[in-house]
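Residue numbers (the working numbering): 139 to 488. Glycine included, each C-beta is placed from N, C-alpha and C at the ideal position. Here is the structure we will look at.
If you want it as structure tokens, here you go:
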């Protein structure tokens, strides 16, 4: 089978021919039908995360080394299964929950495999979807998407569950207050749709790219704001009637977190999902005196992905814009994302 792999960080993905794997035990073999291209794939391709101050967290420090077959947003068709997998119907098309844990730590036992201390995530630690076939370790990670388009459903495994999990952390205020969404890429457009499906008040979207701001308006954003405007914080405060009570930072960079804090109302809640990097210096008395909640959110649980797919089916939630490209264009798709040329999501179709 064909795989497009990171063999050397920062260099072009290389086409590697491998035997089609044979599922063992509880494993399930899927023929990949769709594989999303995500910013996390860029971090994995680059080989590090920016910690600010000239510091980097390398993948090697996390125990992740090439070769890496990218893509964790996977829809596939069941080909076969191991002897202990139970009744798994061949031909079934499913969305894969990729945020797989060790199954033994406290987080996994709570059902929070996404924050496992020894993660086994597809497209990160285990081979992902930039290939013709992929092995899933257990059928419980297969989420039924009957009635949904494979390429449109694939981003639910990351862009979807990430925004869904983060919005849940904001609680009841999403129904009474507009959520300030920083970043109008694939996750930002997904956040707009998830908010609508949840019955939220709506999104005020902040981005530096006018094309992406226009895409956010087309998707139903209440308003958009240029993040680079000198008075961006004041514009957010005015748009939210005195300061944001709910902020979703999908960029996660020093300027965006700083903007979120400057624009927040007293009692504001900021959830950071993005991993673009940097650092932050805080005057600690400000946190209790305002008082602010600054919270991280990392992808989502299997249960949250199941809830999200059920929500999509129930509400007929609109998919984000998807550009389909053949697997052979994996490098071009990654470079387009790297240079900010993607509106919505690119999905590779082997």
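Residue i classed as buried or exposed, judged by whether at least 16 other C-beta atoms fall within 10 angstroms
| i | result |
| --- | --- |
| residue 240 | exposed |
| residue 331 | buried |
| residue 203 | exposed |
| residue 433 | exposed |
| residue 146 | exposed |
| residue 190 | exposed |
| residue 369 | exposed |
| residue 337 | exposed |
| residue 171 | buried |
| residue 406 | buried |
| residue 404 | exposed |
| residue 371 | buried |
| residue 249 | exposed |
| residue 398 | buried |
Residue range of the alpha helix (DSSP H) that includes residue i
| i | result |
| --- | --- |
| residue 332 | 324-335 |
| residue 439 | Element bounds for residue 439: n/a, residue is neither H nor E. |
| residue 303 | 297-308 |
| residue 474 | 468-476 |
| residue 353 | 348-357 |
| residue 244 | 244-247 |
Residue i versus the options, residue with shortest Cα-Cα distance
| i | options | result |
| --- | --- | --- |
| residue 184 | 287, 403, 143, 223 | 143 |
| residue 466 | 473, 459, 487 | 487 |
| residue 420 | 447, 245, 392 | 392 |
| residue 349 | 447, 341, 362 | 362 |
| residue 148 | 398, 448, 181 | 181 |
| residue 462 | 157, 175, 154, 141 | 175 |
| residue 214 | 169, 329, 290, 157 | 169 |
| residue 309 | 339, 380, 210, 415 | 339 |
| residue 396 | 417, 264, 212 | 417 |
| residue 155 | 200, 205, 179, 364 | 205 |
| residue 410 | 387, 424, 354 | 387 |
Unbroken beta strand (DSSP E) run spanning residue i, endpoints
| i | result |
| --- | --- |
| residue 378 | Element bounds for residue 378: n/a, residue is neither H nor E. |
| residue 173 | 166-175 |
| residue 458 | No beta strand (DSSP E) contains residue 458, which DSSP labels as neither H nor E. |
| residue 428 | From DSSP, residue 428 is part of no beta strand (DSSP E); its letter is neither H nor E. |
| residue 403 | 402-410 |
| residue 483 | 483-487 |
| residue 232 | 231-234 |
CB contact flag (residue i, residue j, <8 Å)
| i | j | result |
| --- | --- | --- |
| residue 389 | residue 408 | no |
| residue 292 | residue 139 | no |
| residue 295 | residue 236 | yes |
| residue 483 | residue 460 | yes |
| residue 401 | residue 318 | yes |
| residue 304 | residue 435 | yes |
| residue 327 | residue 458 | yes |
| residue 265 | residue 314 | no |
Contact with chain C by residue i, beta-carbon distance below 8 Å
| i | result |
| --- | --- |
| residue 147 | The structure shown contains no chain C; it is built from a single protein chain. |
* Examine the Cβ distances between the stretch 320-329 and the stretch 271-289 and report whether three or more of them are shorter than 8 Å. => no
* Looking at C-beta atoms only, is the number of pairs between the stretch 466-486 and the stretch 446-456 that lie closer than 8 Å three or more? -> no
* Do three or more CB pairs link the stretch 207-219 to the stretch 158-166 at distances below 8 Å? -> yes
* Asked: Does the stretch 297-306 come close enough to the stretch 192-206 to have 3 or more Cβ pairs within less than 8 Å?
  -> no
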